[in-house]
Amino acid sequence: MAKRKRADPLATYNAKRDFAKTPEPSGKAQASADGNLFIVQKHDATRLHWDLRLEIDGVLKSWAVTKGPSPDPDIKRLAVRTEDHPMSYAEFEGTIPKGEYGGGTVMLWDRGTWAPIKGKSAKDIDEGHLHFCLEGERMKGEWLLIRLKKKPGEKRENWLLRKLQDDHADEGDALVERELTSVLTGRSMAEIAADKGGEFPLAGKKDDAFLAQMEKASAHNANETKPRRKRKAAPLPKFAKPQLATLVDDVPTGNGWMHEIKFDGYRALVAAKGAEVRVYTRSGKDWSEKFGPLVGAFAELDLPACLIDGEIVAYDSKGNPDFSTLQKVLKRGHGSQSKDDALAFHGFDLLSLDGEDLTKLPNIERKERLEALLAGADGPIHVADHVIGAGEKLYAAMCRSGQEGIIAKKIDAPYRNSRSKAWVKVKCTRRQEFVVVGWKASKAKGRPFASLLLAQHEADELVYKGNVGTGFTSDELDDLAAKMRRLERKTPPVETDKASARGVTWLTPKLVAEIAFAEFTADGNVRHGSYLGLRSDKDASAVVPEKAAPSPVPEPDVKITSRDRVVFPDSGQTKGALADYYAAIAPLMLPFAGRRPISLVRCPQGRAKKCFFQKHDSGAFGDAVHHVPIREKDGGSEDYLYVEDARGILQCVQMGTIEFHGWGARTDDVEAPDRMVFDLDPDEGLDFADVKQAARDIRARLSDIGLVSFAMLSGGKGVHVVVPLTPGHNWEAHKDFARRFAEALSIAEPDRFIATMSKAKRKGKIFIDWLRNQRGSTAVVPYSARARSGAPVAVPIGWNELKKMKDAKPFSIDDAEKLVERATGKTLAGWGAASQKLPDL
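The sequence shown begins at 213 in my numbering and counts up one residue at a time.
What follows is the structure, encoded as structure tokens:
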């Protein structure tokens, strides 16, 4: 019997193309050397898309991915199944002629290897799904393709492409927004379209290919992004290991810290979703039954799926949280929330909400999200109060009232499931946990024992730490005696001297007690210890000594004189307020201003009086304001100013500085520019909406020539489009590129843009100021204050945020806390950073 002829998997591909007209390769089914190739091609056809292709059975199975693959697990991309492609297509890059099938520019955007995850197979595609791993230059980790059910009359095969959560997952669309060049030739889409092999002319009326790319970029950029689909209801969160604080001796100072009361209770993580509520101890034990009334109070709030970190407390007769009182309540049981048995929960952190992991957000933002979540709570559920920058006062108040101490948290730090110096604790009295390893008999009638022997884990062994004989109530004596009776043993679990071991009944080390004490003696034993209660929420194996770490480094110690002098007369901000702003914002500003020659706008008598630029070092600023010698045009050299830490910034402010402007190069090589800035300066008659649209269009056009860019509100009336660059070219090439790009824009759209400074020709247009990109010129650095009415500041802005801005000065020096908070959110993640070279000219 004759064998049935196998269908040609490339028949559809070949039938759709005229190979006499298209440069695309024809081919036959043929496996690669390893048989597991994958590629992604960026394809600017009727609509811009990215073609994902996986090698299976000697061909490239293909999907056209709208908007490109996203590394964000929350974002699903439509992936339309297309015809199989030959393996020879794996290195195709070029332009398909207009009028031919798929006409447009094709770039090889990514390549590597792929494999189904363990237990899965490429044959799963026939079942409508594929779970696989990629190891590419850009796409990595686990991905999932799922076929959608066809609607009546629908011919195309629609799938969804989604990134799965792993170490390679990331938020947003940074992958396609920042990776703009070919992995094969390093060319941009515009260079491929012009077929210049990387040498792409950026100006000239005859350069039709480039102008066409510009026009197309404007059209793409004008399309509004559709909102994401509403997330499905998330499940009840699971327990997560809590963040722990490091013991320090002193309260950290400065506005970078938020301070909370250290509650004297049980640490608890509450997982809630509507009526479903679980209460976990810090070691992961489910204690929901022990805290029934609190579970009921959370259930009544009908919260979305969330995981809240906090402390459960009971109050003493003075109204203070008290651990001994909490122990008594738990011992009695609390089927009702009576006055004597009342418990309260003080939440201080929010780890997840409605399926969204919040742990990467800064502390202050998580706290604000928690406050919004529990805004309607009352009765026993509270949000822990905090203060910013006044920790010593709170600490003193807590100690005066007999409280345990305070917790200080870095405002901008993420949540870490471990002990961290981003959270530190300062105690009014020494309190630690110890393992109970034995007891000594009492000579007093009716007293079951005289004292407890204590120990802590050090390295791999239990170490004796003395004993405690005070602080017990009569009920606690009886309760402890009953518990210890069940743990008695003949051999000691720790090494002690003969005197300490005399008359001891030894115990299996399982009970954990909290002890207050004055200090450790020279031989390591507790002095003047007092029993506070058992810690049944912590395992004995986890009890180790708490040793105070060095206190966090204080903020720069720069004396600011004349703090009350008004610098901004129309809005009233003072020199002291300006200094406080720069002290708080310095960590955000230094990555852009540090180790860069700077020019200062100094206004010693305030912005309304004489202000002047200063760029040379007179030696009067202070020890943290440095200088770098730079060759001048006349052949000589001058010392230029630069700073590298917050102290340097504040010394400049002390000398009357308001604004900081930086070179486009660093001090380690002033002849190697690393930043290009296009300052969009609108004519007086233009609306800010025109400036925003211009910035977005320029971003798209830079993208077409392979450059990632970022937006910054100038604090005046314009927008800066910032292009970070890897050093490797000189100032001549830098300036020439900027000029030619700006001129090409003005040629492409002469009614909108102008590239010359002539005010007579700028009527109704936006001046693209490219002159900041020449040796010795400067541009205002991110987060610099401006010597303008209202004390505005220059701030980085996300491209999506830009659409909502009403002007270029929405923030002032009064908004330091807000700026610190937003700087670590996902909108500004990676702002101003990109590894990219200036395209060859």
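Yeah, the Cβ is synthetic: ideal placement off N, Cα and C, and Gly gets one too.
A distance below 7 Å between beta-carbons, with the five flanking residues on each side excluded, links Ser-536 to the following residues of its chain, in chain order: Leu-744, Gly-745. At least 8 Å separates the beta-carbon of Tyr-607 from that of Leu-800. For a cut-off of 8 Å, the C-beta gap from Glu-883 to Gly-806 is around 19 Å, too long to register as a contact. Counted as a single uninterrupted DSSP element, the beta strand (DSSP E) harbouring Arg-642 occupies residues 642–652. Out of Asn-737, Thr-458, Glu-758, Ser-663, the CA that lies nearest to the CA of Gly-715 is found in Ser-663. When DSSP reads this structure, Gly-348 sits in a beta bridge with Gly-324. Contact between Val-1032 and Ile-623 is confirmed by a C-beta separation of about 6 Å, below the 8 Å threshold. Rounded to whole angstroms, the gap between the alpha carbons of Lys-279 and Leu-260 is 7 Å. Distance from the CA of Leu-925 to the CA of Gly-876, rounded to the nearest whole angstrom, comes to 18 Å. A distance below 8 Å separates the beta carbons of Ile-619 and Lys-474.
Tyr-852: member of the beta strand (DSSP E) spanning 849–855, first to last residue.
Just measuring C-alpha positions, the residue of Gln-668, Glu-369, Leu-357, Ile-980 sitting nearest Val-889 is Ile-980. Closest by C-alpha distance to Pro-285, out of Gly-311, Leu-699, Leu-387, is Leu-387.
Within the same chain, Cβ atoms closer than 6 Å to the Cβ of Arg-628 are found at Gln-455, the five residues on either side in sequence being excluded. Judged by DSSP in its simplified three-state form, Gln-1048 adopts coil rather than helix or strand. Assigned with DSSP and collapsed to three states, Tyr-607 falls in helix. Under the Cβ criterion (8 Å, minimum of three pairs), the region 1039–1046 counts as touching the region 994–1010. By the neighbour-count criterion, in which 16 or more other beta carbons inside 10 Å mark a residue as buried, Lys-1016 falls on the exposed side.
The C-alpha of Lys-827 lies about 11 Å from the C-alpha of Arg-808. Judged by DSSP secondary structure, Arg-289 falls within the beta strand (DSSP E) whose first and last residues are 288–297. Taking each of Val-934, Thr-720, Asp-902, Lys-254 in turn and checking the Cα distance to Asp-1019, the smallest one comes out for Asp-902. Annotation: Pro-936 to Tyr-854 spans about 20 Å, alpha carbon to alpha carbon. Phe-780 is bridged by DSSP to Gln-785. Runs of the alpha helix (DSSP H) spanning 4 or more residues and lying entirely within the region 579–630 occur at 603–612, in chain order.
With respect to the 8 Å criterion, Glu-267 and Ser-244 are classified as neighbours on the basis of their beta carbons. DSSP places Glu-339 within a helical segment (H, G or I) once states are collapsed to three. Beta-bridge partners of Val-277 (DSSP): Trp-262, Ala-291. Proximity to Trp-326 across Lys-335, Cys-345, Ile-308 peaks at Cys-345, based on C-alpha coordinates. Separation of the CB atoms of Val-755 and Val-724 is rounded to 6 Å, and the pair is thereby assigned contact status at 8 Å. Annotation for Met-696: the continuous alpha helix (DSSP H) segment containing it runs 686–697. Assignment of Pro-1004 by DSSP, reduced to helix, strand and coil, places it in the strand class. Put simply, of Glu-472, Leu-249, Val-770, Asp-691 the residue whose alpha carbon is nearest the alpha carbon of Arg-544 is Asp-691.
Listed in chain order, the non-local C-beta contacts of Thr-307 below 8 Å within the same chain comprise Pro-235, Gly-316, Thr-317, Val-318, Ile-404, Ala-405, Asp-407, local neighbours out to five positions each way being set aside. In this structure, the straight-line span from the alpha carbon of Ser-849 to that of Val-840 is close to 10 Å.
Looking from the CA of Lys-273, the closest CA among Arg-739, Lys-335, Arg-747 belongs to Lys-335. Between Ser-783 and Gly-1002, the CB-CB gap stays under 8 Å.
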